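Counted the way the working numbering counts, the sequence shown spans residues 614 to 1086.
Worksheet: one structure, shown below.
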Amino acid sequence: MLNATVCQQARLSKDARFDGKFFTAVLTTGIFCRPICPARAPKEENVRYFVNALQAQDAGFRPCKRCLPEIAPQTPLPIKIKQLTQALEFGDSITDVCDKFSISSRQLRRLFIKNYGLPPSKYLHNQKLLLASKLLKTTSLAISEIAFSAGFTSIRRFNEAIKSAYNCTPSQLKNKPRQQSIELKKVTVELAYRPPFDWHLMLSFFRLRQLNSVEHVDETHYRRTININGDKGWFEVTSLPDKPALKLTVQLNNYRYLNQVILRVRRMFDLDADMQVIQQQLSQHQILADTIAKYPGLRLPGCWDKFEFSIRAILGQQISVKAATTLANRIALKYGEAAVKNPSGLTHIFPQTEALINVDYQNVGLTKSRISTLHNWIAFYQQHHDILSCYENIETLEQTLIKIKGIGPWTVNYLAMRGLSDPDAFPSADLGIIKALTVNDNKPSNKEILALSKQWRPWRAYAAIYLWHSLAH
Ligand SMILES: [Zn+2]
């Protein structure tokens, strides 16, 4: 737990491991900062600590222009809270969210106050402002694009909100000139993380699973084509050499969903994980402790798109990573849309749900039973779109999805682990996990593995990724 002494030590030593875990507001200037702020540290009697940027802003403080609290990593939250928050941020009303998750508005309010220190309406208002402020300060997008991208419904409301929170106009917050050419317009955003983070390990994981028509992964960059709610484009991620952050470059025909892109990329590269807490718990097991010591910056690779990943999880049943990747690439080539122009010459965008309904999958190289599993899953998903973003816990998700013919616990847990970034998902029947836990030819039973994994909760997905890596030499 953080207390004032820990916060003081962390901010005075500019300790990046605490970035995003608390914010320092300065009473004399009205500004709040990240622990890593390069500015001269204020006196302890003049500061007040907040556990998140929203609360600091709600208390009337403004984000520092030097350290940009708007781009700090987030604090990891329980999956349920993440799902509720995401639904609100992606445009559902409070009533919609309560209906979707079967909770009362009072329960929703209580959960928000417990996790963010603010009720949902104040959370949303401050979140929109911080997002607008971030885009104004860090991108070259036009002010009107930023207003809508941050979730404001009109320019007038946007101007008023900025005026009342920051006492200035949107253009006064801007520090990047507008780019002239619309055609070449790209947006770059910095994505901060708390070290350690092993970028090369993350890239090599994606490189082994690269879909050649959709993704390009080399020694330094990850690139892929995207279609986000109908807007097409591509993005590229690389590591910044001089600070704990990745650089995201996006090109889209429209930037209204830019924040969704940012959130999805953060999840894909697992940038909000609190590795200190996770590693401390998992290190109690010897195999995991050894792997953590060897790969301290290993994180949980996620995915860009849940649906795409669900297809890949089904294709991956009982075959090698390489074979599954080949099959997924054939599906992208056969049923995907044409990509927009991009620096890697990628040709396709992975097909959306509609493009894979009622297709025959001929000449892809799938068995009849795998084809029928794909049909069953896609038909179910089309009827239950919210299933992957609105479930109680991994057990309930497993109980629901294993009713679909061809889908078993391995597929559900593998999908949840990588496709949904559920930190507690655990594919206990995975051959790699069994192998990693086999000592002196004593293969553990599934029951034994599940019993052992209890001590790793709620971080079993990290245990799985460490177990996989324990097999590497
Ligand atoms: Zn600062």
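Ideal placement from N, C-alpha and C gives every residue a C-beta, glycine not left out.
Since we're looking at a predicted model, the values are computed, not measured.
For residue i, verify whether its CB is less than 7 Å away from any heavy atom of ligand 1.
i: ALA629; result: no
i: ALA652; result: yes
i: CYS677; result: yes
i: ARG983; result: no
i: ARG822; result: no
i: ARG647; result: yes
i: CYS620; result: no
i: CYS680; result: yes
Thinking just about the alpha-carbon of each residue, which of the options is nearest to the one in residue i?
i: MET815; options: ASN780, ASN971 and ARG879; result: ARG879
i: ASN780; options: PHE674, PRO1071 and ALA936; result: PHE674
i: PRO732; options: ARG719, LYS741 and LEU742; result: ARG719
i: ASN976; options: ARG647, ASN942 and ILE970; result: ASN942
i: SER1034; options: THR801, ASP918 and HIS998; result: ASP918
i: SER957; options: PRO783, LEU1010, ARG836 and PRO689; result: ARG836
i: PRO676; options: ALA778, ILE759 and ASN772; result: ALA778
i: THR960; options: ASP831, ARG630, LYS735 and SER826; result: SER826
i: LEU824; options: ALA945, LYS787 and GLN899; result: ALA945
i: GLN668; options: ALA1074, LEU690 and ALA638; result: ALA638
i: ASP712; options: ASP999, PRO1040 and ALA672; result: ASP999
i: SER746; options: SER717, TYR736, ASN788 and HIS988; result: ASN788
i: ALA563; options: ILE1020, ILE644, GLN670 and GLY929; result: Past the boundaries of the shown model lies residue 563; the chain is included only from 614 to 1086, so the question cannot be answered.
i: ARG912; options: ASP887, LYS935 and GLY929; result: ASP887
If you count every other CB in all the chains shown that lies within 10 Å of the CB of residue i, and 16 or more means buried, which is it?
i: GLY978; result: exposed
i: VAL874; result: buried
i: VAL890; result: exposed
i: GLU606; result: Because the chain spans 614 through 1086 in this model, residue 606 falls outside it and cannot be assessed.
i: PRO651; result: exposed
i: VAL1025; result: buried
i: THR698; result: buried
i: GLU658; result: exposed
i: GLN622; result: exposed
i: GLU849; result: buried
i: GLY915; result: buried
i: GLU967; result: exposed
i: ASN866; result: exposed
i: PRO854; result: exposed
i: GLU758; result: buried
i: ASP1054; result: exposed
i: THR938; result: buried
Using the C-alpha atoms, what's the distance from residue j back to residue i?
i: LEU871; j: GLU683; result: 15 Å
i: LEU724; j: SER706; result: 16 Å
i: GLY730; j: LYS907; result: 38 Å
i: ARG983; j: GLN931; result: 11 Å
i: PRO909; j: ILE970; result: 42 Å
i: PHE819; j: LEU640; result: 45 Å
i: VAL619; j: ARG647; result: 14 Å
i: ASN665; j: PHE636; result: 6 Å
i: ASP885; j: ARG722; result: 24 Å
i: ASN728; j: ASP1037; result: 19 Å
i: ALA1057; j: ILE900; result: For the record, residue 1057 in the displayed sequence is Pro; it is not Ala. Going by the C-alpha atoms only, they are around 15 Å apart.
i: THR708; j: CYS1003; result: 15 Å
i: ALA700; j: THR766; result: 17 Å
i: GLU832; j: SER817; result: 8 Å
i: VAL863; j: LEU786; result: 22 Å
i: GLN965; j: LYS695; result: 24 Å
i: GLN687; j: TRP1023; result: 30 Å
i: VAL800; j: LEU1010; result: 36 Å
i: LEU1044; j: LEU1080; result: 11 Å
i: ILE927; j: ILE1020; result: 8 Å
Three-state secondary structure (DSSP) at residue i?
i: CYS620; result: helix
i: ILE1062; result: helix
i: LYS845; result: strand
i: HIS738; result: helix
i: VAL878; result: helix
i: VAL1052; result: strand
i: LYS1018; result: coil
i: ASP771; result: For the record, residue 771 in the displayed sequence is Phe; it is not Asp. Reduced to three states, the DSSP call for PHE771 is helix.
i: GLN965; result: coil
i: ASN840; result: strand
i: PHE636; result: strand
i: THR862; result: strand
i: VAL890; result: helix
i: PRO783; result: helix
i: PHE922; result: helix
For residue i, decide whether its Cβ has a neighbour in chain B, counting only Cβ atoms nearer than 8 Å.
i: LEU884; result: No chain B appears in this structure, which consists of one protein chain only.
Does ligand 2 have a heavy atom nearer than 7 Å to the CB of residue i?
i: ARG822; result: Looking at this structure, you won't find ligand 2 anywhere; what it does contain is ligand 1.
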